[in-house]
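In full-length UniProt numbering, the protein residues as written are 1 to 1122.
Here's what the structure looks like:
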């Protein structure tokens, strides 16, 4: 193709524009000829389109100018066809879109649409609507612009005119979809006669599937307007919609499954919208939609996730056509109440118990100016309002002196790090970033093409293992995961009362997984490199883990009246040695459960229900106000005992337990209701309870009916956990995964006996699973995840203190504060002896959300490693001072909460302005950072450990100035040093996946620990670590749960990654972090940076929309910081 012809045509058009003769009759033929010729040249020619759209000849400027200044139909038709060729090209749409927007092209094109005449050809009219639809999908205000320009009546007239011409009608319908995301537009279009057109298209005789699907899509969007809902009822549209669901219509439509699913989904969405209004519900009930939908669901194909989602929508419609099914509880508040300390000046109680950030920067009790901020920065930024009212109610000097005792390691004064000065490790990281071709900084300069690693990013993780079958055999046969769990060595070897003696004979050498330079898995023994902490515990015949745990539990203050100690916690809470597979989803199970639930209500099946356990009644009968004292455990004695009952026996009144009510609904089926967090009516997810009185080898089904999250890892292979006391006594086997027929689905339960509550309140979900118990008359415990109680933490600290070598390790436990319920909050300091004041601080915290017990197991793995005799651990202690708060929310942990503290608030939303009487752990943890700030010391790294219930793998959230919501942050230089640690972990920690990582700084998370420490204290390496409750979908753990061994391994791998950040002082000054890696790992890290950059570009360009199957508005936030 000769591009010179394109240039000649553009030059002629440009010349006429300059002369101002564009409206002259003399030149109209020339304009028509040039535009027609230009259209012919570029039609289907990508190179010609690219040249015409280039800055060199500025074709868009000419074309938009022509549309602005000419009214000749033929010229307008040609220009529209040319623009369609340019904007529907596969390449560079985003760039061309921005060019059109910058030229006010949307306004011009909308005006062309309003002024379009009958002389417009069908092709030109279709082209105009296609262009506007493409542009409208990228402009959030497009719908409003279209209405203000007066296009809505024009669109309806065009739809009526071209109703028998699918070639033009289809683009018109696509345009309608763009403008119907605005409720006002839906009402205006309804008044213009939109619905009558759509109803005629539903009965489209030519059976055009695209037209049918588009018409239903538009109707679903239009039902946002109450006027459209009323019109559907008045025009008998409901009959047309229900008719589409009849099997006889399916065969006549002759649609393939994807298209048929889309048609059905649109019909169901319309019915859902109708059920939002009183008139709509009455109409649905009148035409008996509920039984019709139930029968329709029976005819759907057996297998297919999309079909399952249709069944969920149908179940929702059935629910709204039936009387409300109120959750059977006495009150939606927690069964016990804890009086919140009064602080009327500052505390605002959450009325709905939904923990939202109600504190603003203007009420800060800390100095909020970032350590690395520019004091002369512009303060007039429009997004700056959250900083505008900041008060300087910082700690007084004498108040800060109270925190000196937590830093006794600094008592011998030495040269301290200057304020805002970068640490040696930070400088080291910056050198590392400079050594890499940073594609994140390259933008569109093409730097990412200068290397072509032989291994792609994710292939490198899957290729680094040996044959998966052989590896899994080795994993299961060799117990190849070092737990470093001294408690496991300390527990009694039988049910006798003999004390376990900690001697070297108890040390069990376990091989572990490690990566060699070629990224293949090697199995090697760790006895010489990383001994278990129990190896260093001195011989003491009086040490017994259970006795220590009992002593710790006696000092624990609870709000619930505990009646016992849980046996799994008493013996150390250990998990199964074998790695356990994720369960395989049973095809059709989800739909079966949903339809059974809906069918039982619809067909009015009467089920005899009997309450067999209720915490509310137990608390009412309790007369003792002193809870948690002198309680013990007699499970071993009760095993084998007969109980004269026809049902299972339940108990949850023990530390971290959560089960409120149990209703027997079948011979071996039970509905379970969980407690909300204290002083709230929400946050039902964590469960931990005891079951006894069972028969062996028979199935028992448990339905937890008041879960709240819209989705769960239980639908992605995760199993609940079971601990059998008898199995532990016989085989020393701890927690293990259990259950089949596991499903998580939306149910019909509501909070109130009104139809309005069904629509406005958050829905409930059911977790159902079936268990076969291995022994009769056993005592078993079931849990959401491996429990880790406050008393178990205190037990671990007791042994950590004993294990630390006093000659080489500085280990100090302090009480940071007391929780609201009066429980001591420990803070640990670990470093090497002798002291060195030039060491950088690393702050670690966990368990701010009490239900995230996996974060405590990661922390245990971290502390185990730091205290070990591994050379890397020694190097860490000699380089850093670790300041660790292992449990930020002990009250929540003790009382079985999932997310909140006793105040009913999410403590990870209180970092901006914590109140000492209500959020003491956050207040005093932040005070430690403030104390260091006051003496000009900035921590090198902060990491807050969390758990994630809807994502797999382990990953980090960091803080990137270039990805911040605040424009002042984006003006700062982004050195990307926060990416180095995730890059290292991705290639050294099997469970870690960098693809799940995010470095965005969002406004809604300004009050979290991660962003507060980054912004206010200038810690560039400020992270949140998220550890899945389930398993992995990549690497050597792909398809497997993460047990306590693998979770603790993540803690040790985190420490080993920190070692990589330490510069080698013995190497030449020019040496950088690059030298500590082999060349193949460097190539892979470079490739990973490229993937991160491409992922960011993808996210920016993609037009993400809410789930098309969910009718509620529940956003899938990152868990730990939600």
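Backbone N, C-alpha and C define an ideal beta-carbon position, used for all residues, glycine too.
The C-beta distance from residue 902 to residue 803 rounds to 33 Å, too long to fall under 8 Å, and the pair is not in contact.
When the five nearest sequence neighbours on each side are left out, the beta carbons in the same chain lying within less than 7 Å of the beta carbon of residue 857 are those of 786, 788, 1044, 1047, 1048, in order along the chain.
DSSP places residue 844 inside the beta strand (DSSP E), whose first and last residues are 840-846.
With a 10 Å radius around the Cβ and a threshold of 16 neighbouring Cβ atoms, residue 303 comes out exposed. Excluding residues up to 5 positions away in sequence, 959, 1001, 1005 lie with their Cβ nearer than 7 Å to the Cβ of residue 1011 in the same chain.
Beta-bridge partners assigned by DSSP to residue 1001: 964. Taking C-beta atoms under 8 Å as the contact rule, residue 920 and residue 852 fail to qualify, at a distance of about 20 Å. Counting only residues of its own chain and dropping the five nearest sequence neighbours on each side, residue 337 has a CB closer than 7 Å to the CB of 679. Judged by DSSP secondary structure, residue 9 falls within the alpha helix (DSSP H) whose first and last residues are 3-19.
Taking the Cα of residue 881 as reference, the smallest distance to any Cα among 5, 838, 987, 312 is reached at 838.
DSSP, read as helix, strand or coil, puts residue 162 in coil.
In this structure residue 686 touches residue 784 by the C-beta definition: roughly 5 Å separates them, less than 8 Å. If only uninterrupted alpha helix (DSSP H) runs of at least 4 residues are considered, those enclosed by the segment 161-239 are 166-179, 183-192, 194-202, 209-222, 226-234. Between the beta-carbon of residue 790 and that of residue 651 there is about 19 Å, and that puts the pair past the 8 Å contact cut. Nearest C-alpha to residue 644 among 835, 777, 875: 777.
In the structure shown, residue 737 adopts extended strand secondary structure according to DSSP, grouped into three states.
Counting only the Cα atoms, residue 697 lies some 7 Å from residue 775. Under the three-pair Cβ rule at 8 Å, the segment 556-566 does not count as touching the segment 1025-1035. For residue 690, the beta-bridge partners assigned by DSSP are 651, 781.
Here the segment 160-172 lies against the segment 116-135, with 3 or more beta-carbon pairs under 8 Å apart.
Between residue 314 and residue 297, the C-beta spacing is below 7 Å.
Residue 300 and residue 58 have their C-alpha atoms roughly 54 Å apart. When rounded, the separation of the alpha-carbon atoms in residue 991 and residue 950 is 16 Å. Residue 721 has 737, 783 as its beta-bridge partners, per DSSP. Residue 863: member of the alpha helix (DSSP H) spanning 853-866, first to last residue. With a cutoff of 7 Å on beta-carbon distance, residue 740 and residue 721 are scored as not near each other.
Distance check between residue 622 and each of 781, 335, 895 places 335 closest, using alpha-carbon atoms only. By the Cβ neighbour-count rule, residue 603 is exposed, with fewer than 16 other Cβ atoms within 10 Å of its own. In the three-state reduction of the DSSP assignment, residue 1055 falls in the helix class, which pools H, G and I. DSSP assignment within the segment 751-827 yields the following whole alpha helix (DSSP H) runs of 4 residues or more, N-terminal first: 755-760, 790-803. C-alpha of residue 237 to C-alpha of residue 969: approximately 53 Å in a straight line. Under DSSP, residue 614 takes part in a beta bridge, and its partners are 661. Taking each of 264, 289, 230 in turn and checking the Cα distance to residue 279, the smallest one comes out for 230. Short of 6 Å from the beta carbon of residue 663, and not among the five residues preceding or following it, lie these beta carbons of its own chain, in chain order: 609, 611, 671.
Taken through DSSP and simplified to helix, strand or coil, residue 315 comes out as helix. DSSP places residue 1021 in the uninterrupted beta strand (DSSP E) bounded by 1021-1028.
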